Amino acid sequence: MTSDEEIIEWVLRGEVDRYAELVERYQQSMWRLAYGMVGDFEDAKEISQNGFFKAYRHLAGFRRSARFSTWLYRIVVNECKDFFRRKGRRPVFVQLPSDPESEEAVLFEVADPRGDPGDAVAQRELAVALSQAIEQLPMKQRMAFTLRHLQGMSLEEISQVMGCRTGTVKAHLFRASEHIRILMEPFVKEEADR
Amino acid sequence: MNSADWQRWLENWLARHPLKSPTRVAGADYTRQVMARICAPSVPVQVEHRVPVWTAVSVCLGIVAGSSILFFGIRNPHRDLVQQAERNQQILLDVSNAIERHGDELDEALRMNNEMLADSLSEEASVARSELAPGELELLP
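Top line first, the protein sequences correspond to chains A and B. Using our numbering, the first residue of the first sequence is number -4, and each one after it goes up by one. Using our numbering, the first residue of the second sequence is number 233, and each one after it goes up by one.
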């Protein structure tokens, strides 16, 4: 597989069409990241596409010391921040439908192929509660939580994407986790009792 | 539930219930849409002209040299002028202080000199008068 750096070299030499390979390679990750942040597929699509567009426009300024994916994540994260700013100070922009039965009400896949099908309703309740708890997090905590738990990034990678120290990332993650734990406690207890 | 148990539960739950995938929504035209924006004639890639290291070093050295010339060529004459003015000011201050310190003494000395001069003049006049013979008229100047 052609490396990111090679593709970037080709694009900078004028073979613009080869940028499509980078878009294909990272579109799922970027779209999912934005979805984890904003909770809407269409908004997430637009945000991540803006990220690709901006990355292309500033490709010549990309420093090869960092990974292209990390740089791209950072651009998309900044696009999410801009999205939040346009909608209001806190990321309470996600309008999860009031109907909990709605397919759009949860950020997560509810059907667990390994689980008991009879348990699906309970799992859906947990999924809705967790989605709403994440939705209530302040922006930076939500960002750190999304990158860590929904994107599976390391603390080091998150610190590069968020532009802060790993200690700060840890603090954001701890606060986010505690915040969600308090909100989720009744649901988790209920699940444990069953 | 303590923090460690909670972390374990959360990671376990998220492993079984991942984030929804965007492929659920029609995303086939994703790349095409991005490339359409990129390939629009009005959107060229921003080319950053990278300056070679030797050019950057030459420019830096030039700037340093120019600054040095300006610093030593223009700033020093001003500094000489300032030093000259400071010296002059110091001399004036010294004179002024000396006058303040010795002013009273000078006045006293001057007054005594005047008195002595007056005394000696009057003595000479009386000696001259005594040397005149009786009956001679004193010539008035």
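The C-beta atom is built at its ideal place from N, Cα and C for all residues, glycine as well. These figures come from a predicted structure and were not determined experimentally.
B:A247 and B:V289 have their alpha carbons spaced roughly 54 Å apart.
Of all residues in the stretch 5 to 30 of chain A, those with a C-beta nearer than 8 Å to a C-beta of chain B are V6, L7, V11, D12, Y14, A15, V18, E19, Q22, Q23, W26, R27, Y30, reading in chain order. For A:G46, the enclosing alpha helix (DSSP H) covers residues 36 to 52. Taking 8 Å as the threshold, the shortest C-beta distance from B:T263 to chain A falls below it. Judged by DSSP secondary structure, A:C75 falls within the alpha helix (DSSP H) whose first and last residues are 63 to 82. A:I129 places its beta carbon 8 Å or farther from that of A:L168. For B:R240, no chain A residue has a Cβ inside 9 Å of its Cβ, as the nearest lies near 11 Å away. For B:R269, a Cβ of chain A is located within less than 8 Å of the residue's own Cβ. Within chain B, no C-beta atom comes nearer than 9 Å to that of A:V71; the closest sits roughly 13 Å away. Sorting A:E120, A:E151, A:L145 by C-alpha distance to the C-alpha of A:E180 places A:E120 at the top.
Within the stretch 123 to 149 of chain A, the residues whose Cβ lies closer than 8 Å to any Cβ of chain B are, in chain order, L125, H144, L145. Taking 7 Å as the upper bound on Cβ-Cβ separation, chain B lies near residues G56 of the stretch 56 to 68 of chain A. The three-state secondary structure of A:L28, taken from DSSP, is helix.
Out of A:F47, A:K49, A:E173, A:A50, the CA that lies nearest to the CA of A:F140 is found in A:E173. With respect to chain B, the C-beta atom of A:A166 has no partner C-beta closer than 8 Å. By alpha-carbon distance to B:T263, the top candidate from A:V18, A:Q23, A:L132 is A:V18.
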